[in-house]
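In my numbering, the protein residues as written are 0 to 288.
Here it is as structure tokens:
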């Protein structure tokens, strides 16, 4: 009996732990859509966990539950761009993380991995692996680069600038950075100002969207300096974009096409072909999420 009670308590503990995990791991929208088709109920677009789905939109029988099990996906790894440089930060790996927050039924929730990282204590260990990206890397030291990285998209560009500083690379460096507010969201401001002062950073344009009535984003700054931007392209500069896939990277690419069309005196199809040539030459790379 003592063993049975012990096992029973372990089962209850395991069940409660599983229930808790089901509530904090939010399903991708594509999985929720599949669930919607299985239970044949309309589900509003919102972040939701499996436990809440089963409670609010229950399955009708065991067979339907087995269908639900079949559509579940493994918890995807979280990939963060490394923001440190081998030449400047020997033996260290830095990442730049924003704590994800959102509302579920008017209750504030946090991203699974970003919250875990925010609670790490000094000297605490965590397992990770390096996911290599052979396309998103610095060109030859003498080549010019244009970096477009709002928010935590600044991460790889901090790495690029630190590496070019440490190795004495001669290529010019132009950074477009943006976030909500200058006073609270200018990531790595001191380092960036130092790079401007030493000449490592040739040019910088910033856009803080909430510091004025009209929202200003990095693509607006690109257009504002479109003529010079195109001159850099014509001189062989490499372009890098990092940050949110939508809408940022889409808006940036559309703006890039507009700059090519206007200052290169090209038609739409010619601008697209020009950008395709940059991609094929490895001069236009994106690291978006």
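Glycine included, C-beta positions come from ideal geometry on N, C-alpha and C. Here the structure is a predicted model, which means the values were calculated and not measured.
Could you tell me which residues DSSP puts in a beta bridge with residue i?
i: residue 146; result: 174 and 239
i: residue 108; result: 101
i: residue 136; result: Per DSSP, none; premise fails for residue 136.
i: residue 287; result: 242
i: residue 90; result: None, per the DSSP bridge assignment.
i: residue 25; result: 48
i: residue 81; result: 94
Using CA coordinates, which residue listed in the options is at the minimum distance from residue i?
i: residue 300; options: 287, 231, 252 and 262; result: In the structure displayed, the chain extends from 0 to 288; residue 300 sits before or after that span and is not available.
i: residue 207; options: 183, 178, 156 and 182; result: 178
i: residue 24; options: 75, 81 and 34; result: 75
i: residue 30; options: 129, 59 and 72; result: 72
i: residue 270; options: 189, 232, 192 and 114; result: 232
i: residue 33; options: 66, 62 and 55; result: 66
i: residue 40; options: 110, 26, 28 and 56; result: 56
i: residue 277; options: 54, 189 and 256; result: 256
i: residue 302; options: 187, 181, 150 and 180; result: The structure shown has nothing for residue 302, since the chain only spans 0 to 288.
i: residue 141; options: 273, 235, 100 and 283; result: 235
i: residue 104; options: 284, 43 and 27; result: 43
i: residue 212; options: 194, 267 and 180; result: 180
i: residue 151; options: 95, 265 and 164; result: 95
i: residue 245; options: 220, 266 and 285; result: 285
i: residue 259; options: 35, 247, 249 and 222; result: 222
i: residue 136; options: 250, 123 and 156; result: 156
i: residue 58; options: 77, 36 and 28; result: 36
i: residue 182; options: 209, 162 and 165; result: 209
i: residue 85; options: 54, 162 and 192; result: 162
i: residue 248; options: 184, 262, 261 and 283; result: 283
i: residue 167; options: 190, 184, 185 and 194; result: 194
i: residue 77; options: 60, 63, 115 and 61; result: 115
i: residue 254; options: 279, 184, 63 and 220; result: 220
i: residue 27; options: 60, 62, 93 and 110; result: 110
i: residue 313; options: 38, 62 and 61; result: Since the first and last residues shown for the chain are 0 and 288, residue 313 lies out of range.
Assuming residue i contacts residue j (C-beta within less than 8 Å), just tell me the rounded distance between them.
i: residue 287; j: residue 243; result: 7 Å
i: residue 203; j: residue 176; result: 7 Å
i: residue 83; j: residue 158; result: 6 Å
i: residue 98; j: residue 113; result: 5 Å
i: residue 217; j: residue 149; result: 5 Å
i: residue 154; j: residue 69; result: The Cβ separation is near 37 Å, so there is no contact.
i: residue 273; j: residue 265; result: 6 Å
i: residue 100; j: residue 107; result: 6 Å
Looking at residue i and the ligand GDP, is the gap between the Cβ and the nearest heavy atom below 8 Å?
i: residue 127; result: As for the ligand GDP, it is missing from this structure, which has no ligand bound.
Nearest chain C C-beta to residue i closer than 9 Å, yes or no?
i: residue 118; result: Looking for chain C here will not work: only one protein chain is present.
Quick one: complete beta strand (DSSP E) runs, 3+ long, within the region 181-210?
-> 202-207
Counting pairs of Cβ atoms below 8 Å between the region 45-52 and the region 75-91, do you hit three or more?
-> no
Segment contact flag, the region 228-240 with the region 139-154, C-beta cutoff 8 Å, min 3 pairs = yes
Is it true that the region 191-202 meets the region 161-177, where meeting means three or more beta-carbon pairs spaced less than 8 Å apart?
-> Enough Cβ pairs lie closer than 8 Å, so yes.
Take every Cβ of the region 212-229, pair it with every Cβ of the region 119-130, and state whether three or more of those distances are shorter than 8 Å.
-> no
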